[in-house]
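Colleague: If you scroll down you'll find the structure; I have some questions about it.
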Amino acid sequence: IVLGLAWKKVPALPSIAIGALVGAVFAVIFQPEATLRLAGNEQLGQGLGLLAGAWKAMFAGYSGESGSEAVDKLLNRGGMASMLNVIWLVFCALSFGSVMERAGLLERIIRSVLRAAKSTGALISATLATAIGTNVVAADQYLAIVLTGKIYKPEYQRRGLDPVNLSRALEDAGTLTSPLVPWNTCGAYMAATLGVATVDYLPYAFFNLINPLIAAGMAYAGFKILHLKPRVEVVHKATGA
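Going by the working numbering, the letters in the sequence shown line up with residues 59 to 299, in that order.
Laid out in structure tokens, this is it:
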């Protein structure tokens, strides 16, 4: 259901909500006994028991015994309650990043770096470093992408560089390094979803680690650096008969 809605480009919140509701309905229809056991109260009756069991599964996750330790470890999890720690971390990270942006502290730091970037390679490398630094300081991927892009865009235009170069640099550093920062919203989400600490999977995230270095090397080598085409103004001269 969720994949189908995503393919139809339905927004994330309605897709997740519809997927959860359909899952609850399917649990009531196809697994009524397990749903009633999750309710934990036989006095509710079948109707209220099914409703309580479905709601408890969505809030606290599934809990049951299959006889296999590996299967139980895989299935006995989930629910909204399991994401509360991540939600608090995301909330704090967004609040901190917003304060830093509104106070102008991040912009001031970035502009100091921008003045030192003389060549195209240095400019793109500064973009990469800024996106990574913002991921660490502001603790949010979107702030790293939006803030860095907003500040560097005029300089790319002034130097005649295609915006594709900026977009690629933001992707190489802003997007790919955010899962490597434990207190970043993306890193916290990945750790909670995978059940693996950020510092544990970090050494094996080769693509995330190597890509910014390759991007900086390509920038200094001038490989695949696109430039804006000069505008050609066509002047139509009126001719009289």
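Heads up, the beta-carbon is just placed ideally off N, CA and C, and yes, glycines get one too.
Here the structure is a predicted model, which means the values were calculated and not measured.
(1) Looking only at C-alpha atoms, which of Gly253, Ile209, Arg217 sits nearest to valine 144?
(2) Residues in its own chain within less than 8 Å of threonine 185 by CB, not counting five upstream and five downstream?
(3) With DSSP as the reference, label leucine 234 as helix, strand or coil.
(4) Determine, using beta carbons only, whether isoleucine 268 and leucine 219 come nearer to each other than 9 Å.
(5) Reducing DSSP to helix, strand and coil, say where alanine 64 ends up.
(6) Is it the case that the region 130-137 contacts the region 102-110, given that we only count it when at least three CB pairs across the two stretches are under 8 Å?
(7) By the DSSP assignment, the alpha helix (DSSP H) with leucine 267 in it spans what residues?
(8) How far does the alpha helix (DSSP H) with serine 177 in it reach, from first residue to last?
(9) Pick out the complete alpha helix (DSSP H) segments inside the region 68-109, 4 residues or longer, and give them in chain order.
(10) What separation, rounded to the nearest whole angstrom, lies between the Cα atoms of tyrosine 214 and glycine 179?
(11) Quick check on leucine 284: does DSSP put it in helix, strand or coil?
(12) Excluding five sequence neighbours on each side, which residues of the same chain lie with their C-beta closer than 6 Å to the C-beta of valine 195?
(13) Have a look at leucine 181 and glycine 81 and give me their C-alpha separation to the nearest angstrom.
(14) Between tyrosine 278 and serine 177, is the Cβ-Cβ spacing less than 9 Å?
(15) Whose C-beta lies closer than 7 Å to the C-beta of alanine 85 among residues of the same chain, with five residues either side of it excluded?
(16) Answer yes or no: do isoleucine 190 and proline 270 have a C-beta to C-beta separation smaller than 9 Å?
(17) Can you tell me the Cα-Cα spacing of proline 69 and tryptophan 241, whole angstroms?
(18) My understanding is that leucine 201 touches threonine 188, with C-beta atoms under 8 Å, so please give their C-beta distance in whole angstroms.
Modeller: Put simply:
(1) Considering only alpha carbons, the answer is Gly253.
(2) Thr206, Tyr210, Leu224, Ala227, Leu228, Ala231.
(3) Residue state, collapsed to three classes: coil.
(4) No. Outside cutoff.
(5) Correct three-state label for alanine 64: helix.
(6) The region 102-110 vs the region 130-137: no contact.
(7) Per DSSP, leucine 267 belongs to the alpha helix (DSSP H) from 264-279.
(8) Element bounds for serine 177: n/a, residue is neither H nor E.
(9) List check, alpha helix (DSSP H) in window: 70-88, 90-97.
(10) So the alpha carbons of these two residues sit roughly 12 Å apart.
(11) When secondary structure is reduced to three states using DSSP, leucine 284 falls in the coil class, being assigned neither helix nor strand.
(12) Excluding sequence neighbours, valine 195 sits near nothing in its chain.
(13) Computed Cα separation, rounded: 49 Å.
(14) Yes, they are a contact pair.
(15) So the list reads Thr93, Ala112, Ala115, once near-sequence residues are dropped.
(16) In contact: isoleucine 190 and proline 270 (Cβ atoms closer than 9 Å).
(17) In a straight line, the C-alpha of proline 69 is about 26 Å away from that of tryptophan 241.
(18) Rounded to the nearest angstrom, the Cβ distance from leucine 201 to threonine 188 is 11 Å, too far for a contact under 8 Å.
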